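Enquirer: Protein chains in written order, with the numbering used here: chain A, 161 to 476; chain B, 161 to 476; chain C, 161 to 476; chain D, 161 to 476; chain E, 161 to 476; chain F, 161 to 476.
Glycine is no exception: its CB is placed at the ideal position from the N, C-alpha and C atoms.
Remember, predicted model here, so these are calculated numbers, not experimental data.
6 protein chains.
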Amino acid sequence: MKKGVTFCEVGEQFSDFLLIKSSTRGVASNGKPFLTLMLQDKSGEIEAKLWDTGAEEEKTYHAENIVKVLGEVTNYRGRQQLKIKKIRPATPQDGVSVTDFLETAPQSKDELLDEITSYIFDMKNPHLQRITRHLVKKHQQAFLEYPAATKNHHEFVSGLAYHVVHMLRLAKAISGIYPSLNTDLLYSGVILHDLGKTTELSGPVSTTYTVEGNLLGHISLMANEIAQTALELDIQAEEVTLLQHLVLSHHSKGEWGSPKPPMLREAEILHYIDNIDARMNIMDRALERTKPGEFTERLFPMENRKFYKPSTENES
Amino acid sequence: MKKGVTFCEVGEQFSDFLLIKSSTRGVASNGKPFLTLMLQDKSGEIEAKLWDTGAEEEKTYHAENIVKVLGEVTNYRGRQQLKIKKIRPATPQDGVSVTDFLETAPQSKDELLDEITSYIFDMKNPHLQRITRHLVKKHQQAFLEYPAATKNHHEFVSGLAYHVVHMLRLAKAISGIYPSLNTDLLYSGVILHDLGKTTELSGPVSTTYTVEGNLLGHISLMANEIAQTALELDIQAEEVTLLQHLVLSHHSKGEWGSPKPPMLREAEILHYIDNIDARMNIMDRALERTKPGEFTERLFPMENRKFYKPSTENES
Amino acid sequence: MKKGVTFCEVGEQFSDFLLIKSSTRGVASNGKPFLTLMLQDKSGEIEAKLWDTGAEEEKTYHAENIVKVLGEVTNYRGRQQLKIKKIRPATPQDGVSVTDFLETAPQSKDELLDEITSYIFDMKNPHLQRITRHLVKKHQQAFLEYPAATKNHHEFVSGLAYHVVHMLRLAKAISGIYPSLNTDLLYSGVILHDLGKTTELSGPVSTTYTVEGNLLGHISLMANEIAQTALELDIQAEEVTLLQHLVLSHHSKGEWGSPKPPMLREAEILHYIDNIDARMNIMDRALERTKPGEFTERLFPMENRKFYKPSTENES
Amino acid sequence: MKKGVTFCEVGEQFSDFLLIKSSTRGVASNGKPFLTLMLQDKSGEIEAKLWDTGAEEEKTYHAENIVKVLGEVTNYRGRQQLKIKKIRPATPQDGVSVTDFLETAPQSKDELLDEITSYIFDMKNPHLQRITRHLVKKHQQAFLEYPAATKNHHEFVSGLAYHVVHMLRLAKAISGIYPSLNTDLLYSGVILHDLGKTTELSGPVSTTYTVEGNLLGHISLMANEIAQTALELDIQAEEVTLLQHLVLSHHSKGEWGSPKPPMLREAEILHYIDNIDARMNIMDRALERTKPGEFTERLFPMENRKFYKPSTENES
Amino acid sequence: MKKGVTFCEVGEQFSDFLLIKSSTRGVASNGKPFLTLMLQDKSGEIEAKLWDTGAEEEKTYHAENIVKVLGEVTNYRGRQQLKIKKIRPATPQDGVSVTDFLETAPQSKDELLDEITSYIFDMKNPHLQRITRHLVKKHQQAFLEYPAATKNHHEFVSGLAYHVVHMLRLAKAISGIYPSLNTDLLYSGVILHDLGKTTELSGPVSTTYTVEGNLLGHISLMANEIAQTALELDIQAEEVTLLQHLVLSHHSKGEWGSPKPPMLREAEILHYIDNIDARMNIMDRALERTKPGEFTERLFPMENRKFYKPSTENES
Amino acid sequence: MKKGVTFCEVGEQFSDFLLIKSSTRGVASNGKPFLTLMLQDKSGEIEAKLWDTGAEEEKTYHAENIVKVLGEVTNYRGRQQLKIKKIRPATPQDGVSVTDFLETAPQSKDELLDEITSYIFDMKNPHLQRITRHLVKKHQQAFLEYPAATKNHHEFVSGLAYHVVHMLRLAKAISGIYPSLNTDLLYSGVILHDLGKTTELSGPVSTTYTVEGNLLGHISLMANEIAQTALELDIQAEEVTLLQHLVLSHHSKGEWGSPKPPMLREAEILHYIDNIDARMNIMDRALERTKPGEFTERLFPMENRKFYKPSTENES
């Protein structure tokens, strides 16, 4: 099995298909136009330059097209760059498609949906169960395809559902140790906490923020939808307010985007579960690319810390 | 005209009716029970002690009753206290009622409603006008009676509407200087920005927070209601999102309770207008009780500063 | 079974034995001396005044003595106080002892030790296992008796070991979900993270800070002991540094007392586990005393938030 | 009428006169020298490269000279750049002068002075009026020519006076709503608050900070001048202290450069007026270049937020 | 020699003259008036209550009178209080005067002036020397009598000059180690840095802030006076700006009251010298009252830390 | 005597030997490889490019080799760069060695050791003296060679010992003014406070952090070593704890890396002495390169301030 482009070392030859994520025209210091390509496969992305390009090249090598590349990995100002020796657009005969180049969750959409559904099935509180089921159904396709964020953690296809599934497992494990926790409320909060991202973000590929996402945010959007769902299902119960509170408070602090801090035991734990899963994802993926006895790069969402991979740890 | 109890100086005699705001039973250091009364009239409130009280006194002098008091204003640990010499419950013959003792806005509810209505009438954008009119109508009675806050500023009967009216005047004056401002959006935002307080707070007297108010807050509650009103009135337009954004962002920063910072020109100005009116209210009321050439007490919501009343200023 | 003194409501009669936690002499406003007693049983503590006391009373009613009290629970400035009607020192015939009045962990010392030992037994890394076993053995008695803190969370007899046991359960549950975690290192870090408290604190009763505790702190003290233990056991391996790092970084940030932030996956998770268990303990104990549909008091170590007990939750 | 260079889109041809703001010599990767020119007209500035330049070009194309340029607007690393095709120095026959290329306030110096003078004329307090008139006269030329800042807001010729005029309008409008404000003190504070910038900054073109400006700052410099003016005019009155306080406190907080926070009602409002006008200037100029339905770039002085231009708003 | 009242331990008898610093009337829980006296001698102050007082006592025992007291030191809510057994006003025959009870610097005014003068004499830069000499002369009496602050450090008679003298010694010692420091500028800055306090504060006894002190502050006041002195002495040199900068920046940060941070080597060191002397004064005075092996109380101006007195240190 | 490369002005010719600090391969925009060399002598470092390089050049011009260079100093994006005209590797005949190119302290290692030893000799407390002597001896070679930091201050050969010597002089001078300071404890703390850097850092050249340095830090490492030394020397005395406290607290605040804030008079002063010497070193070295009447660049470790060199100051 071929390793991805980001696993190549400096000096190594690379020859394979890649997806053009973005293509930007520039003018070189000799006055001639060139293209800066951001190329990606499932392992991540790498920059490349295409020199002396004209109108035709700009058309051929634009974003979301697939190319076959032969090149050498070099180091430019501390970041890896691919020095292109040969390049051609992919043809139908090559039998490659866009999804071959997008990082996706290690579990399939069906598996993710099955696991989430089984947690909903286990709920005993009918109000929470009905609201949760209704909203998951309403947004099901996006829920299973969207990333959990545009960067930092779970920024891959199906990242959102994969994040939720691991949080549900944490919720179950922790509730087993602290029986005072209301699992129905907690599971419901876990499943819905980031579901507003299906409105906040543009989609699973080249993800950006929508206008609504920018101006209102996934937290307020989902609190809204819960209230509306309760109206539609004619549910008038304190649980509606509690569930809205879990969504509103799951970032824990005002400066992190929550208009209310957690004021329910389950809201406090939801925030912790969310953090643990996001942080494990960030650390695992950074340490995977690090050699034993070395440190990762500084990880911005981990308060800009770098992490050490013990020298006795097996390379993964 | 009689000045209120909080305008009395230490050593002065006071003889008038007062409303009992709260009454708490204590046990004195000699082992005998006593009552701590918080007494109020329109000028504000003062503490008093009633010694050697029994079950009967506790019943007679409980909260929301009116009493006739003869006493002397003394100073206890830097705060004024009323030393009671004589006290009796008011009788129907006294012809006094609870509202005589509550501070209220200087404008009547009708005047406030008229002024707000004329701003709605002037709006040219039908979406904003319909949503605003619908929500004002829905909450009209509470809107005209509630305070704008439980403490700090406009904490009196009709304080919310009085605050809104002054903000509307500021909005009009400022828009006259900066024609790029969209007055329809700004007026609409001013009128609705705190309307969620009618759900967040318990009412105009002895105001506390409701459970919904604590767990969701007036900001999220009103953003919700705007979305729902748009659904009911079948309005699908960007203005709905813009108006929700004005409400969500009017506290400006996450640490002050807004899940989103202002990202519209009108949202930024709404935040400034809200501050100016709240701060003028706080400063005016504190300086009114201060002699020329002296400083007010430290004002907590003004970053704990004290303010100076110039020695050439006429006492108000 | 009798409920404790802190579960009495205002106005209720109380008649039982209590331990004097502290006794302070004062002079009343009538010039006569009196004693302020802090009385406790397993449910918590309550203040009481003893009026017109002389040298004899001061001797009889000093700290760590047990008394039989008849009194009434009253409210003084918002806090409960016990109004004493009768009081007498306990006699040997009463058959009560100091430990009857101290709050203790719900598990016995033997159970706690067994559970901790089984985790040590499961370790596969001989270096971590030997260091951990050696240090647990060295401090065994204090480890099983000390509280985890002087206030805020697990501030009861055996609180430290009880806290560690629950953290171990969390560590096991979370490692089951994220197989990249090194359980030997994580268990070892959990067991030792607060063991320096047996030097930092004075003991299980009337706990205060020692001079060493104040000047060096439990974090540096234990990092020290790990290094020394490694020397004694002649262990030269990177694991010694890793384990020291887990202890040093478990408060996560400099402003919370850690000289280094977590730079190991296990260090990051240790910090989260520590927080979850401390916070569950604080919330559970506060909500236990709160009625459904009401809020707890503001909880200082929970960023001064108050927590809501849903109205549908059964009273515990 | 020709639109400015910064309004050109990528790919567009540009042919017009431009002012060289700065010219820096570099050595290209082929070892040959080149010039980096910063070119400007009233609409703003754009970078351009001049390749293979020698001593003669360096002399011809230095700062503050005017050139005629033919070129194409390109995109270089996300910023616009002008690719020069032809360039020549302007000649006297071209009839262009430096001021044609500097952004200036929309009102003339005479209009600005007239409006400011009328506010001074309206003052009733002779002390404030005399001090204000004296200082405006003393610094009149610079006051009418200087920008209000080197960047962020009103950074154009006559920006200072233009800023003051709009603040005076705000002061008048707000005082009309809150009659407790002392307009004489407020107008005086508005007019003098930034007048120290005429000493702090170097002048209207290529504005930098003077040594005095760096070491003392415009706030302390003007507080000084007020005291000195009072001495010269033999005014001994509390108003001198009040006016100095308005100047000292107008940045509101220590961390923003004010040695004292506002402690006068007028000082508090001065700070708000200053902010509103600066922020409207920043937002208006950024939104002017933004298309409906899009966001501005992140605006550093607006806490790095981006602002949305509603899709229904007419392009300005 | 008699030790002061604050050195008495709880339970000890005290019999001596004391100065009444303040006297406040209260009403006891039995309804009778009483006086709260704050009594002081050179060692510090202690509270006392005088029960059942009438108009006559209020007149006899008012602030700034001297009394002979017999009493016992007791503990009230953790603070020492003097339980008065006998009290009488001092008579002329007693031969005591107010200054006997005020804490004063350990050096006489003449000694302090001599030492400061010798530093001025040593200056080689005539501009700095003349400005410094002129301002010291102008404020000489207040300079030698005022405290350096109303609380926290050097809050005693002649505290300001005593603080300056020790800072001059530090300046000399440090300049001996770092020859790049300009001693003339540094000495001048040390001598003038707090001289504005003679305008900011009301005087050496019962020190409060003046209106000018509150609204302008000692930093701006003295920067002003330096500029004015330079005008009067017809000095036009950069040193005037440098010296003003030292005064303006000596609190180092905006949030601590400096409108500019240090931008001169000497300004940076002035700030450090100021801190070292203030902190040594606070620590020395707190540790003087602490027994070996114990901690001081928490010291607010030392970031609320408590300090340890080693058990091997001799009691002072 | 030849001045160093960093003292050359733009346009100046440079011809001398330089040490290659680092050498990085890049690919130019024309597709050909080149080397980016960082060249240094005792005055500092400068970047240079070597175009059209092949495998041979990469071998010849790698890090830690010495070269003879003829070139011209140019300006590239605001930073100086050396444009190479001729370059050749140094040969044994050139008689140059690596240490000729490293910045070193102005005092020799022997002088530094002598001065430190004399302070140890003067100590009267045998415990502190023995521990200090033992640890200095143990780490003597590294102590005399290491820098005090990797950047910011004293980042040169013998920087650590040079820093300590100046701090000892400050300690002596300040103790002369405040006799309450315990000089033995203070000297001991000064000498050991940063000694852990000999474990934390990799060495005097191309200094980086070791794994232990990253995970534990010099503060915890040295606190550890003090405890161990006391064990080895069989010293059981409070001084061991006090000395550990000085080391632990010398960064003063948690956010700056100290697990405990200073709680001893000597610990507080140690922190101030450390700061004064570091800051004098930074300011002196920056001002040395600045012309009179100009400002330094912004200095990051001085809170990003720039410093002014008065126009009357002689250039150094």
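Pairing CB atoms from the stretch 321-334 of chain A with CB atoms from the stretch 403-417 of chain A, are three or more of them under 8 Å?
Expert: Taking 8 Å as the limit for Cβ pairs, the verdict is that the stretch 403-417 of chain A does not touch the stretch 321-334 of chain A.
Enquirer: Pull up the CB-CB distance for residue 429 of chain E and residue 355 of chain E, whole angstroms please, since I reckon it's below 8 Å.
Expert: Contact doesn't hold; Cβ gap of about 19 Å is too wide.
Enquirer: Scan the stretch 378-458 of chain E and note each continuous alpha helix (DSSP H) run of 4 residues or more that stays entirely inside, going in chain order.
Expert: Correct list: 398-409 and 425-448.
Enquirer: Measure from the C-beta of residue 235 of chain A to each C-beta in chain F and report whether the shortest distance is under 9 Å.
Expert: yes
Enquirer: Rounded to whole angstroms, what's the CA-CA distance from residue 229 of chain E to residue 424 of chain F? Just pull it up for me.
Expert: 37 Å
Enquirer: Sorted by chain position, which residues of the same chain lie with C-beta nearer than 8 Å to residue 174 of chain B's C-beta, five sequence neighbours on each side aside?
Expert: 165, 168, 229, 230, 231, 232, 233 and 242.
Enquirer: Give the DSSP bridge partners of residue 236 of chain A, in chain order.
Expert: In the DSSP assignment, residue 236 of chain A forms a beta bridge with A:239.
Enquirer: Can you give me the Cβ contacts of residue 213 of chain F inside the same chain, cut-off strictly under 7 Å, excluding the 5 residues immediately before and after it?
Expert: 193, 194 and 195
Enquirer: Report the three-state DSSP secondary structure of residue 184 of chain F (helix, strand or coil).
Expert: strand
Enquirer: Quick check on residue 464 of chain F - is its C-beta less than 9 Å from some C-beta in chain A?
Expert: no
Enquirer: Give a yes or no on contact between the stretch 219-229 of chain A and the stretch 244-251 of chain A, applying the rule of three or more CB pairs nearer than 8 Å.
Expert: yes
Enquirer: Shortest alpha-carbon distance to residue 263 of chain A belongs to which of A:301, A:315, A:225 and A:272?
Expert: A:315
Enquirer: Could you give the distance in angstroms between the alpha-carbon of residue 210 of chain D and the alpha-carbon of residue 372 of chain D?
Expert: 37 Å
Enquirer: Under 9 Å, Cβ to Cβ, is there at least one residue of chain E near residue 423 of chain F?
Expert: yes
Enquirer: According to DSSP, simplified to helix, strand and coil, what is residue 250 of chain D?
Expert: coil
Enquirer: When the Cβ atoms of the stretch 294-314 of chain D are set against those of the stretch 301-320 of chain B, are three or more pairs found closer than 8 Å?
Expert: no
Enquirer: By Cβ distance below 7 Å, which residues in the same chain neighbour residue 455 of chain F in space, the five residues on each side in sequence not counted?
Expert: 466, 467 and 468
Enquirer: Under 9 Å, do residue 440 of chain F and residue 338 of chain E count as touching if we go by C-beta distance?
Expert: Yes. Within cutoff.
Enquirer: Have a look at residue 215 of chain E and residue 255 of chain B and give me their C-alpha separation to the nearest angstrom.
Expert: Straight-line measurement puts the Cα of residue 255 of chain B at about 40 Å from the Cα of residue 215 of chain E.
Enquirer: Where does residue 170 of chain B sit, in a helix, a strand or coil, going by DSSP?
Expert: coil
Enquirer: Just confirm the distance between the C-beta atoms of residue 331 of chain E and residue 350 of chain E, as a whole number of angstroms; I'd bet it's less than 8 Å.
Expert: 5 Å between Cβ atoms; contact.
Enquirer: Which word fits residue 421 of chain F, buried or exposed, when buried means at least 16 other C-beta atoms lie within 10 angstroms of its C-beta?
Expert: buried
Enquirer: What residues of chain B sit near residue 444 of chain D, judged by a beta carbon separation below 9 Å?
Expert: Going along chain B in sequence order, the residues near residue 444 of chain D (Cβ under 9 Å) are 338, 340 and 425.
Enquirer: Compute the beta-carbon to beta-carbon distance between residue 266 of chain F and residue 402 of chain E, rounded to the nearest angstrom, for a pair I have assumed lies under 8 Å.
Expert: The C-beta distance from residue 266 of chain F to residue 402 of chain E rounds to 28 Å, too long to meet the 8 Å contact threshold.
Enquirer: Name the DSSP beta bridge partners of residue 177 of chain B, please?
Expert: Per DSSP, the beta-bridge partners of residue 177 of chain B are B:228.
Enquirer: Cβ of residue 173 of chain B less than 9 Å from any chain E Cβ?
Expert: no
Enquirer: How far does the alpha helix (DSSP H) with residue 219 of chain E in it reach, from first residue to last?
Expert: 215-220
Enquirer: In three-state terms, what does DSSP make of residue 193 of chain D?
Expert: strand
Enquirer: The beta strand (DSSP E) with residue 204 of chain A in it runs from where to where?
Expert: 204-210
Enquirer: Go ahead and pull the three-state DSSP assignment for residue 283 of chain B.
Expert: coil
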